[in-house]
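Working notes, beginning with the structure itself.
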Amino acid sequence: MPDLAGKVAIVTGCASGIGAATVRRLRQDGAHVLGTDIDEGGAAVCHEARADFARQDVADMALWPAIVEQASARHGRLDILVNNAGIVAGASIEDIDDDLWDRTYGVNIKGPMAGCRAAIAAMKRNPGGASGAIVNIASTSAMAALPGDVAYCSSKGAVRVLTKSVAVHCAKQGYAIRCNTVIPGATETGILDNAEKDIPGLKAAVAATSPLNRLGDPSETAAAIAFLASDDCPFMTGAEMLVDGGAMSIHPGF
Ligand SMILES: NC(=O)c1ccc[n+]([C@@H]2O[C@H](COP(=O)([O-])OP(=O)(O)OC[C@H]3O[C@@H](n4cnc5c(N)ncnc54)[C@H](O)[C@@H]3O)[C@@H](O)[C@H]2O)c1
152 MPDLAGKVAI VTGCASGIGA ATVRRLRQDG AHVLGTDIDE GGAAVCHEAR
202 ADFARQDVAD MALWPAIVEQ ASARHGRLDI LVNNAGIVAG ASIEDIDDDL
252 WDRTYGVNIK GPMAGCRAAI AAMKRNPGGA SGAIVNIAST SAMAALPGDV
302 AYCSSKGAVR VLTKSVAVHC AKQGYAIRCN TVIPGATETG ILDNAEKDIP
352 GLKAAVAATS PLNRLGDPSE TAAAIAFLAS DDCPFMTGAE MLVDGGAMSI
402 HPGF
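Under my numbering, read the sequence shown as residues 152 to 405, first letter to last.
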């Protein structure tokens with residue numbers, strides 16, 4: 152189990168699913184955590200996990216410096232940012248309208264970019280010099296596309312390259328700030344519950360695409376996030392960790 156004792160972390164999208172599991176996991180591993188969400192339900196999750204909570208729309212770029220300040224001022228440092236909040240759009244290239252495209256990109260890629268920028272500014276001020284770990288959450292939909300969600304797939308594809316750009320920038324600047332991506336496959340969370348309302352049987356169908364023949368549990372994704380956020384992997388930056396039950400590893404048709 153990674154040792155995160157004394158580290159200070161921000162986790163976005165903490166009200167449910169992978170974000171809630173990550174708040175619990177980072178707390179269990181010893182980190183101080185500020186969970187944020189647009190949904191006030193995040194307050195109860197954080198209260199139960201003895202974490203702090205702030206309401207935040209991650210797409211509002213102007214809010215990011217204050218969120219980072221809230222986390223770092225309390226403990227005098229910032230060590231971890233998990234850019235987890237994300238939304239699906241559910242529209243194909245023929246159906247997507249400009250507002251839905253902008254909203255999806257606002258949450259899924261503008262938010263993580265603004266988060267990385269604000270977090271790096273704070274991590275550079277850490278006592279002892281620039282240090283920290285950023286974990287961005289993409290999706291297997293950034294590796295094999297969904298015909299019915301052009302904005303989700305393409306914005307998650309952008310997350311993968313955002314990570315690499317942040318990672319190599321920090322490395323070239325000599326900052327001990329790593330940035331990595333976790334790529335979840337189909338995981339039992341609110342996103343899939345919502346999709347199941349529109350497409351009955353979806354959860355069973357996507358579970359069957361995994362060689363392990365089940366959906367992931369959010370705690371399994373949180374474990375990968377905790378590892379990448381820890382000091383256990385100092386040579387990992389710009390990397391991608393699949394948590395998909397093998398779904399992206401099997402040849403189509405088998
Ligand atoms: N569940 C899956 O199958 C799956 C698969 C691949 C990737 N992911 C990714 O994992 C991440 C977590 O999703 P989840 O599955 O836990 O879904 P979820 O819907 O349970 O959680 C997403 C959280 O993000 C919050 N959120 C939405 N818009 C926000 C905003 N503008 N500002 C702040 N918070 C906002 C929601 O309120 C919610 O609490 C997402 O980035 C998602 O794309 C999920």
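Each residue gets a CB set at the ideal place from its N, CA and C atoms; glycine is no exception.
Proximity of residue i and residue j at Cβ, strictly below 9 Å
| i | j | result |
| --- | --- | --- |
| VAL310 | ILE288 | yes |
| THR332 | PRO369 | no |
| ALA318 | CYS330 | yes |
| LEU366 | ALA374 | no |
| ILE350 | ILE238 | no |
| GLY389 | ALA322 | yes |
| ARG178 | ALA194 | no |
| LEU297 | GLY336 | no |
| SER292 | ILE328 | no |
| ARG228 | VAL286 | no |
| HIS226 | ALA202 | no |
| SER290 | ILE247 | no |
| MET274 | TYR326 | yes |
Paired residues, beta bridge with residue i - DSSP
| i | result |
| --- | --- |
| PHE204 | GLY186 |
| ASN259 | According to DSSP, ASN259 bridges with nothing at all. |
| PRO335 | VAL394 |
| CYS330 | ILE285 |
| THR163 | THR187 |
| GLY367 | THR338 |
Proximal residues to residue i (C-beta, below 8 Å), its chain only, five neighbours per side dropped
| i | result |
| --- | --- |
| PRO216 | ALA269 and ALA272 |
| THR340 | SER167, GLY168, ILE169 and PRO369 |
| LEU214 | GLN207 and ASP208 |
| VAL243 | Sequence check: residue 243 is Ser here, not Val. Closer than 8 Å at Cβ, skipping near neighbours: PRO298, GLY299, ASP300 and VAL301. |
Cut-off 7 Å between Cβ atoms - residues of its own chain near residue i, not counting five sequence neighbours on either side
| i | result |
| --- | --- |
| ASP180 | MET152, PRO153, ASP154, LEU155 and ALA377 |
| SER306 | THR255, TYR256, ASN259 and ILE260 |
| ALA205 | LEU185, THR187, ILE218 and GLN221 |
| LYS354 | LEU343, GLU347 and LEU366 |
| CYS197 | CYS165, VAL174, GLY186, ASP203 and PHE204 |
| CYS384 | PHE378 |
| LYS315 | GLY389 |
Other residues of its chain near residue i: CB distance less than 6 Å, five sequence neighbours each side excluded
| i | result |
| --- | --- |
| ILE161 | LEU185, ALA222 and LEU232 |
| TRP252 | ALA302 |
| ALA284 | ILE231, ARG329 and ALA380 |
At 3 residues or longer, what runs of the beta strand (DSSP E) sit wholly inside the segment 371–401?
Those beta strand (DSSP E) runs which fall completely within the segment 371–401 and span 3+ residues are 391–394.
So within the segment 208–254, which uninterrupted beta strand (DSSP E) runs reach at least 3 residues, ignoring any that extend past its ends?
Those beta strand (DSSP E) runs which fall completely within the segment 208–254 and span 3+ residues are 231–234.
Would you call the segment 164–176 in contact with the segment 184–193, where contact means no fewer than 3 C-beta pairs closer than 8 Å?
By the criterion of at least three beta-carbon pairs nearer than 8 Å, the segment 164–176 is in contact with the segment 184–193.
Can you find at least 3 beta carbon pairs, one from the segment 169–186 and one from the segment 228–243, that sit closer than 8 Å?
In short, these stretches touch, since the Cβ pair count reaches three.
So, does the segment 347–362 touch the segment 383–400, judging by three or more C-beta pairs under 8 Å?
Result yes; three or more Cβ-Cβ pairs closer than 8 Å.
With contact counted as at least three CB pairs below 8 Å, one residue from each stretch, are the segment 249–266 and the segment 190–210 in contact?
By the Cβ rule, the segment 249–266 counts as touching the segment 190–210, because three or more pairs are nearer than 8 Å.
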